[in-house]
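Residue numbers (this note's numbering): 15 to 80.
Heads up, the thing below is written out as structure tokens.
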Amino acid sequence: MPKKLKELLLQSISLLFIFTPLFILFNVWEIKAIEEPELERRLGKEYLEYKTKVPGFIPRLKGKGK
């Protein structure tokens, strides 16, 4: 593999490790700051009840059979 190509791949991977967390953080912020208040305004009490029952991002790992 040519040296320039190796350097390009390493730079691309390092950029991936920088921009992926930033992208995730931006999306979490957008959901919490923009989308959720809009849904609360439009759907009211039903959405607030839904939010208490359903986890935001990480599912609960409770077994249903226990």
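Backbone N, C-alpha and C define an ideal beta-carbon position, used for all residues, glycine too.
Because the structure is a prediction, the values reported are computed rather than measured.
Just to check my reading of the structure: L62 and E54 have Cβ atoms closer than 8 Å, yes? What is that Cβ distance to the nearest angstrom? Along the sequence shown, read from residue 1 onward, the residue named residue 62 stands at position 48. Along the sequence shown, read from residue 1 onward, the residue named residue 54 stands at position 40. L62 to E54, Cβ: 6 Å. Contact.
Rounded to whole angstroms, what is the Cα-Cα separation between I45 and I32? To locate residue 45, count along the sequence shown from 1; it is residue 31. To locate residue 32, count along the sequence shown from 1; it is residue 18. Each residue's Cα considered, the two are about 21 Å apart.
DSSP-derived helix/strand/coil call for L24: In the sequence shown, the residue the question calls residue 24 occupies position 10. In the structure shown, L24 sits in a helix (DSSP, three-state: H, G or I).
Just reading off the alpha helix (DSSP H) that R55 is part of, what are its end residues? The residue given as residue 55 occupies position 41 in the sequence shown. It spans E50 to L57 - the alpha helix (DSSP H) in which R55 sits, taken as one unbroken run.
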